[in-house]
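As structure tokens, the structure follows; a few thoughts come after it.
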Amino acid sequence: MTLMIHDALAATIMALLQTAGLLAAAPLLRAAIKKMKARLQNRQGPPLRQGYYDLAKLLRKEPIRSETASWVYVAGPRVYFAAAVAATTLVPVLFAAAPLEAAGGILLLVGTLALGRFALATAALDTGSPFGGMGASRDMTIAALAEPALMLGLFTSALAAGSLNLGALVRSVLQRGPSFHPSDLLAFAGLFIIVIAETGRIPVDNPATHLELTMIHEAMVLEYAGPDLALVEWTSALKELLYLTLLVDLFIPVGIATSAAPGAILVSLLAWAGKVFMLAIAVTLAESTNAKLRLFRVPELVSVSLGLAFLALAIRFL
Amino acid sequence: MTSTSATVSTALGVTEWAIRERRPGELVLETDAAALPALADRAVLHLNGRLMSLFASDERSITGRFLVHHVWFLPGVRTFLHISAPVDPAAPSYPSIAAKYPAANWFEREVMDFFGLAPEGHPNPTRVALHDDWPDGAWALRMDFPYDRAVPRVPGDFHPFRPVTGEGVFQVPVGPVHAGIIEPGHFRFGVAGEPVLYLQLRLFYVHKGIEKRFEQLPWRHGLFLAESISGDTAVGHALAYAHAIERLADVMVPPRARALRVILLELERMYNHTADIGALATDVAFTVPASRAQALREGLVRLQDQLFGTRLLRGTIALGGVKCDLSPQGCDVLRTHLHVFEKEFDDLITLLIDSGTFTDRVDGTGILTNQAARDLGIVGIAARASGVDADLRRDHPHDAYEGLPFEVPVEDGGDVRARLMVRAREVEQSLLILHQVLDAMSDSPLVAQLPDRLPARSSALGWVEAWRGPCTHWVATGDRGEIIRVKVTDPSFLNWPGLVHAVPGNIIPDFPVINKSFNLSYSGNDR
Chain L
50 MTLMIHDALA
60 ATIMALLQTA
70 GLLAAAPLLR
80 AAIKKMKARL
90 QNRQGPPLRQ
100 GYYDLAKLLR
110 KEPIRSETAS
120 WVYVAGPRVY
130 FAAAVAATTL
140 VPVLFAAAPL
150 EAAGGILLLV
160 GTLALGRFAL
170 ATAALDTGSP
180 FGGMGASRDM
190 TIAALAEPAL
200 MLGLFTSALA
210 AGSLNLGALV
220 RSVLQRGPSF
230 HPSDLLAFAG
240 LFIIVIAETG
250 RIPVDNPATH
260 LELTMIHEAM
270 VLEYAGPDLA
280 LVEWTSALKE
290 LLYLTLLVDL
300 FIPVGIATSA
310 APGAILVSLL
320 AWAGKVFMLA
330 IAVTLAESTN
340 AKLRLFRVPE
350 LVSVSLGLAF
360 LALAIRFL
Chain W
-15 MTSTSATVST
-5 ALGVTEWAIR
5 ERRPGELVLE
15 TDAAALPALA
25 DRAVLHLNGR
35 LMSLFASDER
45 SITGRFLVHH
55 VWFLPGVRTF
65 LHISAPVDPA
75 APSYPSIAAK
85 YPAANWFERE
95 VMDFFGLAPE
105 GHPNPTRVAL
115 HDDWPDGAWA
125 LRMDFPYDRA
135 VPRVPGDFHP
145 FRPVTGEGVF
155 QVPVGPVHAG
165 IIEPGHFRFG
175 VAGEPVLYLQ
185 LRLFYVHKGI
195 EKRFEQLPWR
205 HGLFLAESIS
215 GDTAVGHALA
225 YAHAIERLAD
235 VMVPPRARAL
245 RVILLELERM
255 YNHTADIGAL
265 ATDVAFTVPA
275 SRAQALREGL
285 VRLQDQLFGT
295 RLLRGTIALG
305 GVKCDLSPQG
315 CDVLRTHLHV
325 FEKEFDDLIT
335 LLIDSGTFTD
345 RVDGTGILTN
355 QAARDLGIVG
365 IAARASGVDA
375 DLRRDHPHDA
385 YEGLPFEVPV
395 EDGGDVRARL
405 MVRAREVEQS
415 LLILHQVLDA
425 MSDSPLVAQL
435 PDRLPARSSA
445 LGWVEAWRGP
455 CTHWVATGDR
465 GEIIRVKVTD
475 PSFLNWPGLV
485 HAVPGNIIPD
495 FPVINKSFNL
505 SYSGNDR
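Protein chains in written order, with our numbering: chain L, 50 to 367; chain W, -15 to 511.
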């Protein structure tokens, strides 16, 4: 009954469908968080469609590029986008199997996302604008700590499953049933912090700020306009959805489809959407109840996550 | 001869008849330019004097000379001391006091920019107000410079920013155009990674020639210009100008108008302080309290619209009184609103200071030491947050403040937290003041009759402790009672150098919140 996808054609079709679905849903996630944040502030907030309107607007616009920019600058958003799209194919969403799970597991996923980050950071340096450099340096500082923490958190789960492959991992978690093992709880807490850091949310970064001097991710992409910016924004939304899906996969895969029956897929879709929404609420609450951390405290927070991941790993061996 | 002028003349070491009490609370001393530094020393040493303004006036058509003016506030004797000294147009220079009293730094350079009078011995005698493209030798505030004269631009960029050297040390230029809806100003950070080594400012992008414009306007119209100097200080500046004119014309403002002026000034203080507190939360991305503060501020300006027909209190001050009144129902509406506001404001402050992530951002951030605040002559909220106990409402009361019991909140931290807390506590005091004034309102006319003409060849100082700090207007008249000079001093002009001292040692991403904690006006500074 395991749903291993051996057929290359089927895998490709599934990868395309899954990626398209995630790309379509990603702007909605961001808009939903915005809306919830606004409601917590007694504001109406933008409509949920706003994310799509914004993308449509940006895609129609002329891409203004700095005269001093080289191909690196043009390539940045494209590589960033491509890497995130590639990463989605390694993650199970509706089925307990990733479309291209034969290609690789956790290491490939983290590496692919790192490639996108590298491309964007180099592109930010390319124009020579001080903000790009500032953003790139800050983003890399955080990434240097966040990536090992992410790996460790993922390894903790992988250790229990005995596989680095995300599909196999989900199937193993599913088989064992819901777990409240301290190791899992610690790993979840650690990974949640990483998701906050990686998606540029308060208290690490503020996606809504206009203050260029305080930005991390936004400072890197400050110079982009039009379709270039649309790609960056869309990718960031996709990454956010991807990270939340990853958390769902590793810790609460209940409901995920193990067969291609329409009923199972529908249940899986609803379960996935519901779980992602719950996590989005958690992200919203974290954003609304905290002020942004002082930049030099961010590494401390990320270190906490690293510590949690270490603990989780150690407990796993006990 | 009053006892005040006797005390002051003794302390300054001048003969008693040299000092005149031109108007209550305003002593005048005419002296030689050479004596200015020694008098400054004595004013500071013996009388604890604080430099409130320093400027020049062109009286060549009357006396054949320029005058340089030092305006000190002497807190011990609750008076202003106005020292003026002639400067010969043939040798246009006068001794500088900036090396010893940094508060005079920008003032003296501005005198050079607009009058061409050189401060001798100034440690950095470069332009402060004029930008590179303004030609040398065009001194806009001299009387023989037509207000509508267009000067040719000088091409090129030769603004001397201090260079940075060292491995990994570089400059970050920010502005003059910023991402938010704020005014223009250029900040040049010298940084080693994130920590700021020093900060250089370049302002005066919104210099509008307001002081020159006053000289073209009939003095009654000057009021409209005064309330446009800095949009958030409409009452403060309008009132400072009105005070100067009323003192010139020797007019007493009726008691009800004085009470209403206090109400207007305190409302202006409250809505600005509330907005600033919210903006501080916004700058550290603490979204919920930021929205609540914005809602509170909006409630206040809507109340102002309801009571006075103007959201930001423009057009409420009249020369000789006020243009608006409060009906008994209006007083009740105001009282009710203040009660609700008090509770919600209290909740807001609690929400902020009970949050660990918030206090971590504001504690110890952007410290302006007490010593630096005193040396630089910092005023207003920024000074009181650095332990300088100064507030003209108490120290030299105007309007209905005389005899009103209220506290002047002083904090010692000098950091963003201290500037926040001074604002929060001042709002509490404003509520107290408003209730007292509302309860004691008497019936009287709203405006005093002003003469058709101002006295000829006279001058007077008007002062107000506005929400940001003291605003002073010095108004001088010519042979026909027309205005020949208005010197406007906004607290921002005195406080910008304070920001420069508070920022180094902090990291760049903390700059916005430090800047916001000062919240200085560009428009008021640049005029």
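For glycine and all other residues, C-beta sits at the position ideal for the given N, C-alpha and C.
Fully enclosed beta strand (DSSP E) runs of no fewer than 3 residues occupy 102 to 104 of the segment 92 to 143 of chain W, in order along the chain. When beta bridges are read from the DSSP output, W458/W appears opposite L445/W and K471/W. A distance below 6 angstroms between beta-carbons, with the five flanking residues on each side excluded, links L293/L to the following residues of its chain, in chain order: V325 and L328. Straight through space, the alpha carbons of L187/W and N509/W are spaced by roughly 8 angstroms. Taking a C-beta cut-off of 9 angstroms against chain L, none of the residues of the segment 45 to 63 of chain W qualify.
Here N255/L really is in contact with A269/W; their C-beta atoms are around 4 angstroms apart, less than 8 angstroms.
When CB distances to chain L are screened at a threshold of 8 angstroms, the residues of the segment 238 to 271 of chain W falling below it are A265, D267, V268, A269, F270 and T271, in chain order.
What S339/W touches in chain L, judged by beta-carbon distance under 7 angstroms, is A340, going in chain order. Membership of R464/W in any beta strand (DSSP E) is not indicated, and neither H nor E is assigned to it by DSSP. R137/W and D396/W have their alpha carbons spaced roughly 47 angstroms apart.
For the set F342/W, P488/W and V470/W, the Cα lying nearest the Cα of R511/W is the one of V470/W. Note on P429/W: under 16 other CB atoms within 10 angstroms of its CB, so exposed under the neighbour-count rule.
For R407/W, the secondary structure class from DSSP, reduced to helix, strand or coil, is helix. For P231/L, same chain residues with a beta-carbon under 6 angstroms away, outside a window of 5 residues either side, are I364 in chain order. Of the other Cβ atoms in all chains shown, 16 or more fall within 10 Å of the Cβ of I261/W; this residue is therefore buried.
Boundaries of the alpha helix (DSSP H) harbouring S352/L: V347 to F366, taken from the DSSP string. Using a CB distance cut-off of 8 angstroms, I242/L does not count as an interface residue toward chain W. Bounds of the beta strand (DSSP E) holding Q184/W are V180 to R186. Of all residues in the segment 81 to 114 of chain L, only K86, L89, Q90, N91 and R92 place a beta-carbon less than 7 angstroms from a beta-carbon of chain W.
Between the alpha carbons of V392/W and L280/L lies a distance of about 54 angstroms. Secondary structure note for G70/L: its alpha helix (DSSP H) is the uninterrupted segment A57 to L89.
What F345/L touches in chain W, judged by beta-carbon distance under 8 angstroms, is E178 and I491, going in chain order.
Note that the C-beta distance between L295/L and T137/L is not below 8 angstroms. Under a criterion of Cβ atoms nearer than 9 angstroms, no residue of chain L is adjacent to R295/W; the nearest Cβ is some 20 angstroms distant. When CB distances to chain L are screened at a threshold of 7 angstroms, the residues of the segment 153 to 171 of chain W falling below it are V156, P157, V158, A163 and G164, in chain order. Counting the other Cβ atoms within 10 Å of the Cβ of A310/L gives fewer than 16, which makes it exposed. Against chain L, the CB of D347/W has no partner CB under 8 angstroms away; the residue lies outside that interface.
A contact between stretches requires three or more CB pairs, one per stretch, nearer than 8 angstroms, and the segment 240 to 258 of chain W fails this requirement with the segment 334 to 353 of chain W. In the DSSP annotation of this structure, the continuous segment of the beta strand (DSSP E) that includes I67/W starts and ends at T63 to V71.
Excluding its 5 nearest sequence neighbours in each direction, P126/L has C-beta neighbours in its own chain below 6 angstroms: D277, L280 and V281, listed in chain order. Contact annotation for F495/W against chain L: L262 [CB-CB distance below 7 angstroms, chain order]. The bridge partners DSSP lists for F154/W are V175/W. For L280/L, the enclosing alpha helix (DSSP H) starts and ends at G275 to F300.
Within the segment 309 to 340 of chain L, the residues whose Cβ lies closer than 8 angstroms to any Cβ of chain W are, in chain order, E336, S337, T338, N339 and A340.
Contacts between D141/W and chain L, judged by CB atoms closer than 7 angstroms, are missing: the closest CB pair is about 18 angstroms apart. Taking a Cβ-Cβ threshold of 7 angstroms, none of the residues of chain L is close to A486/W; the smallest such distance is about 15 angstroms.
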